[in-house]
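Trainee:
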Amino acid sequence: MKSIDLSALPEAAQQEVYDFFLFVKQRVQGQEAVSGAGECAQLSENTLAADWNTKKENRAWQHFQ
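Every letter in the sequence shown is one number past the one before it in the numbering used here, and letter 4, counting from 1, is 21.
1) If you reduce the DSSP assignment to three classes, tell me which class D22 lands in.
2) Between which two residues does the alpha helix (DSSP H) containing N75 stretch?
3) What is the rounded straight-line gap between the Cα of F38 and the Cα of G55?
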């Protein structure tokens, strides 16, 4: 990645570039976390289905349908 010298910009513009960098960094980290959470959910689906897919469970939740 190419480094750039921001010192030619006014201080307010430097701050704006830095804030944008932090925003993008947080968004990328958030996507990685969501991706990991999705994998965990898929791996546990069969285990949870054993408890959830029962007549007793269906009766307990039928008033929400």
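No residue lacks a Cβ here, since even glycine has one placed at the ideal position from N, Cα and C. Source: prediction; values computed, not measured.
Mentor: Taking the geometry as given:
1) Three-state result, D22: coil.
2) Residues 72 to 78.
3) F38 and G55 have their C-alpha atoms roughly 26 Å apart.
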